[in-house]
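Protein chains: 2
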Amino acid sequence: MNAPSNITDPLVLFMPSGKRGRFPKGTTVLDAARELGVYVESVCGGRATCGRCQIVVQEGNFAKHKIVSSNDHISPRGAKEERYERVRGLAEGRRLSCSSTIEGDLVVDVPQDTVINAQVVRKAALDHIIERNPAVQLCYVEVDEPDMHKPLGDLDRLKAMLEKDWGWQDLLVSQHLLPRVQTILRKGNWGVTAAIHRDLATSRPTIIALWPGLHNEAYGLACDIGSTTIAMHLVSLLSGRVVASSGTSNPQIRFGEDLMSRVSYVMMNPDGRQAMTTAVREAINGLLDKVCAEGEVSSDDVLDAVFVGNPIMHHLFLGIDPTELGQAPFALAVSGAVHTWGSEIGLKINEGARVYVLPCIAGHVGADAAAATLSEGPYRQDAMMLLVDVGTNAEIVLGNRARVVAASSPTGPAFEGAEISSGQRAAPGAIERVRIDPETLEPRFRIIGSEKWSDEDGFAEDAGKLGVTGICGSAIIEVVAEMYLSGIISEDGVIDGALAARTPRIFQNGRTSSYLLHEGQPRITVTQNDVRAIQLAKSALYAGIKLLMEKQGVDHVDTIRFAGAFGSFIDPKYAMVLGLIPDCDLAEVKAVGNAAGQGALMALLNRDYRREIEETVRRIEKIETALEPNFQQLFVNAMALPNKVDPFPKLAEAVTLPPRRANAGDDPASGGGDASPRRRSREERAARRSRT
Amino acid sequence: MNAPSNITDPLVLFMPSGKRGRFPKGTTVLDAARELGVYVESVCGGRATCGRCQIVVQEGNFAKHKIVSSNDHISPRGAKEERYERVRGLAEGRRLSCSSTIEGDLVVDVPQDTVINAQVVRKAALDHIIERNPAVQLCYVEVDEPDMHKPLGDLDRLKAMLEKDWGWQDLLVSQHLLPRVQTILRKGNWGVTAAIHRDLATSRPTIIALWPGLHNEAYGLACDIGSTTIAMHLVSLLSGRVVASSGTSNPQIRFGEDLMSRVSYVMMNPDGRQAMTTAVREAINGLLDKVCAEGEVSSDDVLDAVFVGNPIMHHLFLGIDPTELGQAPFALAVSGAVHTWGSEIGLKINEGARVYVLPCIAGHVGADAAAATLSEGPYRQDAMMLLVDVGTNAEIVLGNRARVVAASSPTGPAFEGAEISSGQRAAPGAIERVRIDPETLEPRFRIIGSEKWSDEDGFAEDAGKLGVTGICGSAIIEVVAEMYLSGIISEDGVIDGALAARTPRIFQNGRTSSYLLHEGQPRITVTQNDVRAIQLAKSALYAGIKLLMEKQGVDHVDTIRFAGAFGSFIDPKYAMVLGLIPDCDLAEVKAVGNAAGQGALMALLNRDYRREIEETVRRIEKIETALEPNFQQLFVNAMALPNKVDPFPKLAEAVTLPPRRANAGDDPASGGGDASPRRRSREERAARRSRT
């Protein structure tokens, strides 16, 4: 199309991609971008009517790039662009790249947020920019009118024009459009916008929606179906903007709090599977209504959707019986990525809209873990990354560019505040931070909803309003860790009843002792059983991690990512003191929030990420902890604080750890004060809990 | 897989394909066939359980091929084949090619009718063998059991095995199977038969159905949706046998007898389109029940279906509003081939079954004409072939390997007995053959249901039972032609009233004369209006043909094919005497029955024919008679018997034609006895009837 460029042609640099090339004067900026593979949206195909191809010329001397860029180096606004500016408006400095030609060296900025209808970015769901290459593209064409001499059908002439103007060959067409194509073409006076879905893994590019005239909106959903919470982003496929984000409780909770009780419900009730499928789909449609209302978007403009979830949510959402996942060998009905239609699974979005579900890694490591892996990308880097998502099951991924291994470990619900005497979910009034003075053994704490510590002025007032209602997950970690750091509990987790002599906060409670954290209504204590529950949970997690480290042949990890809500609130330092995670430079331990949701968003905005995670999941080695003979010993070692055998040198640089007792070999009984047969059998039972 | 063959290896010739090659001793006959591209079915994949891969060794010295073939040149029956013979039975001489190895030179016959369940071929719908290459293939595999170490999903392991055993890569899977795959695999104890649909034009090969264990039946439908009659074949996709054929009236007739009245119904009634779509789909499901019952086939084993029909039937069947087809420019909503699902259009066949609809050629030349073109294949030969399907509209295709042109011409319903005073549809008692003695002008005739001519002994008895009820289409052609040959009507179609003096069979009837064909109850006559109606109809057809001949630049055609019911009953000689069709060697004029149905059958049994007709339709040049300035003159010329200007030299060799009157130029009025302005304006009106 363009003459071959030569050294005297203007040099054009596109930002933020950094792609550059020389183009003959007169080349449109849009053509130059396309030739370089820079993704600049265009719906109208260069007619200067959609406004999606906006760019900004950066003025100045970019010495590093040897470019002096100026608005004088781009053609002035022509009639078509002026008409667009008059009718639709064009922000200061913005140009339509389809209508601007290169007349000299340029640095061109491609804004990722091209706002067409003055909508504002409501929420930044992402901490990094995703290069867009969505599975759905809008293409406006003007179709030839019917001609008796060349009696091609309306649809066939539309396809011919989509090939001529946009290069789409051999397009398929969604069946539901056949009866509508005539009306739509005539209503648009032969101008029509087609939504083309192309996603190599499924089939040939397909026309999935049609509108009369220029249609300038296309949206997608990225949705993480958690057992507890369903989270959804509504995103513009044309600009990448997150238009709205929202979440809702998973209504399946009424059939069972945790995953296994939901599987049991399916096994016990003939219509159980259907009821839970219906419940989750209804909730998703409700959430869809909410984000569409918030974003002022018509659900009919939603053309693509990406879903992730753990294997049981994944199966129930797709209408598949999850019973097999409740027992060995935990067989998934389908582990590969699923391509389907919104209409097939009852989504109230555009009738032709597609749905993509990320692959599952294993029977207990689902599409959510795959999405988190996509988001954090251990396989994209050389450092050994540990990615952990803690829930009732913890999903653990460990690896780097060379090799990735994954497992799940049955942590149980202790980290979520269940099984803890004063535990509760995170909510206003819940204790979220705890410190214990090692001298006095007096605690101070903060509650959700107040900025003040309990020993600061004004706390009493806040507490009066909010109450002090219990201990949430993050504080459970902290209080047990602080009890250990202050000597209240020993290396093996026994509360030292002798300290009752020093402070009334330690008191006898049946055969064991407890720590009084807050005297009030309710009275908040940490019992020996609470400490044991946390020990069991963290041992399961750590043993799983350690197993993967052994598989990788490493004795430490370079970086740790906590995915999920739990990880967002805990203090990495305390998690490490407790021995929840292995030793690591504390600066390299980060909470990444809903990484699964971010991964879904990435797969929505760029279909290349779909291929990337499909390929990655095929490569990931899955470790089934229950089948590993080593797991039980690792579990028993991990019952100690932080660990019976593993050193924590990096942690020791940041925190003064209590002196370690002489390690008397591998006998778990030898180190603890409570080496009764009853305790040992409990640990072993817990170790065996990892599915047998 | 096999070592490269050399000149000392045994030579194997497959019949009827004639493909041959040398193969090392020990090669299975099935592998040899596959290597040569000879289609030998196999469902079980070489396990000697499905029995589909049967072959017969031809014994003897095949000097022409330099092969001495003997059953001694094939391995004796092994244990697996003996087990099959014991359990399922194997006819004399039949061998399982998967279990027989080549040990010497062989001539191998691949029977096209491999009968597995002792079903008999009920009806030969085809006059030639169609090489099979159906869009659906059954593949039995034994899937690995779930493995916690390699946690691939059930579906993913199934796909892996289909790739390993059958070479299918990157299979898609029908959405409805996802929730079923677990149960099916376990029910079959990990042995499962998958139906794979592959049809290049649609998408990647797809698993469309699954059964536990070995499933050895797969069927398809080939259906021609006529305005009057719907015809259906039920065919085994594994052997090519036509298991049952049936037909039914198109229930849309209650909305309108002819196509245009059905379009009007849609235009006048808001729910008209839906009502007609429902009616035709219900009729097709009824027919499906009938052929399945007749063939003792479960409708759930029907996995593929091919439909053809004229454009209006095509649109209504697919749920598309046909209104645009009722007026210029007669725009089709879709002209290309349509790929859809049986479930999408309400067919009660296997839920994953596919549907293929042949392309339409033009707004009045539909998928039925395309199917007839596929069946008769003018484009496959050098001779100039005229293919005509006469109905209310006549579809005309003319061409050869070099070029094909097509048109439709509005013949009206006269040939079907409508607009004829004593006309009726073909039914017992209807006159179907007529001869008139040129001396006495006495007629003799035959009626449907009797073998006797009316002047033979025993006719009166038959007529007494059946009645003599009217004249059907074929006899209308004959009686008018015989009236012309015997001098009752002139070259321009006027009944010679003066002949009333010679015979009472000619009598005055208002301002014109009539001919009495049969004195009875009812009295059967041929009126001047009847002759005129036939003239108008045949002129429209002939003018259309002539227009295509002009486009092709030919003054004669080499061969003529009459498709459809009408063509099956008329005598080509009389059609030519009447000037319905151009002059041609009478031996080269053939009725080919339901060629549209045959074409559908071909596209069902061999998907290569789908590509062939799609490509052909793209190449066919469509002529719109209404837009051709020449059409009116051709029409007027064709009003004469056989034609005012065209000679019929080949016909004259077979039939003594009345002497032609001196041709007084092109003025149509000059030749006839009835040159009144009224008559001329009627001819011209008729000529203009070709849609304006």
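If you read the sequences in order, they're chains A and B. Every number in the working numbering is 183 more than the matching position in the first sequence, counting from 1. Every number in the working numbering is 183 more than the matching position in the second sequence, counting from 1. Built from N, CA and C at the ideal position, the CB exists for glycine as well. Model, not experiment: these values are computed from the prediction.
Touch check for the stretch 249 to 265 of chain B and the stretch 221 to 240 of chain B: three-plus C-beta pairs under 8 Å?
yes
Q | Of the residues A:Val364, A:Val740 and A:Gln691, the one placed nearest Asp768 (chain A), counting alpha carbons only | A | A:Val740
The alpha helix (DSSP H) spanning Cys475 (chain A) covers which residue range? Gly455 to Gly478
message = Below 8 Å on the Cβ atoms is my contact criterion, and I expect Val446 (chain B) with Ile495 (chain B) to pass it. Report the Cβ-Cβ distance as a whole number of Å.
response = 6 Å
- Distance between Arg424 (chain B) and Cys543 (chain B) (C-alpha atoms, nearest Å): 27 Å
key: Exposed unless 16 or more other CB atoms sit within 10 angstroms - verdict on Gly855 (chain B)   = Legend: pLDDT at Gly855 (chain B) = 40, less than 50; position of this residue unreliable, no value from coordinates given.
- Measuring CA to CA, which of B:Glu224, B:Gly234, B:Gly201 and B:Val270 is closest to His248 (chain B)? B:Gly201
Glu527 (chain A) CB to nearest chain C CB: under 8 Å? Looking at the structure shown, chain C is missing, and the protein chains on hand are A and B.
- Closest residue to Gln711 (chain A) among A:Ala723, A:Thr686, A:Met666 and A:Lys729 (Cα-Cα distance): A:Met666
Hey, does Thr191 (chain A) have any beta-carbon neighbour from chain B nearer than 8 Å? no
Would you list the one or two residues that DSSP bridges to His498 (chain B)?
Its beta-bridge partners do not exist; DSSP assigns none.
Does Ser518 (chain B) have its Cβ less than 8 Å from a Cβ in chain A? yes
query: Listing by chain order, which chain A residues have their CB less than 8 Å from the CB of Val540 (chain B)?
result: Result: empty, since nearest Cβ-Cβ is about 10 Å, beyond 8 Å.
- Can you name, in chain order, every residue of its own chain whose Cβ lies under 7 Å from the Cβ of Asn300 (chain A), other than the five neighbours on each side? Reliability fails at Asn300 (chain A), whose pLDDT of 33 lies under 50, so the model's placement of it is uncertain and no value is given.
Taking C-beta to C-beta, are Ala405 (chain A) and Asn433 (chain A) nearer than 8 Å? no
### Query
Can we count Thr742 (chain B) as close to the ligand GTP, meaning its CB is less than 7 Å from some heavy atom?
The model on display carries no ligand, and the ligand GTP is accordingly not part of it.
* Asked: Could you give the distance in angstroms between the alpha-carbon of Trp636 (chain A) and the alpha-carbon of Ala664 (chain A)?
  -> 18 Å
Worksheet item: On the three-state DSSP scale, how would you describe Leu420 (chain A)?
Response: coil
Discussion item. Determine, for Ala545 (chain A), whether the minimum Cβ-Cβ distance to residues of chain B falls below 8 Å.
Written reply: yes
**Message:** Going by DSSP in three states, Trp394 (chain A) sits in which element: helix, strand or coil?
**Reply:** strand
Is the beta carbon of Leu557 (chain B) less than 8 Å from the beta carbon of Leu569 (chain B)? no
Indicate the three-state DSSP secondary structure (helix, strand or coil) for Ala554 (chain A) in the structure shown.
helix
Q: Pick out the complete beta strand (DSSP E) segments inside the stretch 729 to 805 of chain A, 3 residues or longer, and give them in chain order.
A: 742 to 746 and 772 to 776
Considering only residues of the same chain and omitting the five flanking positions on each side of Arg802 (chain B), which have a CB-CB separation below 7 Å?
Val587
Short-range partners of chain B found in the stretch 494 to 514 of chain A, where Cβ spacing is below 8 Å: Leu501, Gly502, Ile503, Asp504, Glu507, Ala511, Pro512, Phe513 and Ala514
Item checked: Where the beta strand (DSSP E) through Gln241 (chain A) begins and ends -> Gln237 to Gln241
So, using beta-carbon positions, are Gly546 (chain A) and Ala514 (chain A) closer together than 8 Å?
yes
- Between Glu644 (chain B) and Ser633 (chain B), what straight-line distance do the alpha-carbon atoms span, to the nearest angstrom? 10 Å
Is there a Cβ from chain B that is less than 8 Å from the Cβ of Pro593 (chain A)? no
What do you get for Ser282 (chain A), buried or exposed, if any count of 16 or more other CB atoms within 10 angstroms of its CB means buried? buried
**OP:** Buried or exposed for Val426 (chain A), please, with buried defined as at least 16 other CB atoms from any protein chain shown within 10 angstroms of its CB.
**Re:** buried
Margin query: Rounding to the nearest angstrom, what Cα-Cα distance links Phe642 (chain A) and Leu196 (chain A) in this structure?
Written below: 56 Å
Legend entry - Burial state of Ala476 (chain A) (16 or more Cβ within 10 Å): exposed
query = Are Ala779 (chain A) and Ala746 (chain A) close, meaning C-beta to C-beta below 8 Å?
reply = yes
Note to self: Distance check for Val540 (chain B) and Ser518 (chain B), CA to CA, integer angstroms please.
What the structure shows: 10 Å
Next on the checklist: Given this structure, state the Cα-to-Cα distance separating Arg685 (chain B) from Asp738 (chain B), to the nearest angstrom.
Outcome noted: 40 Å
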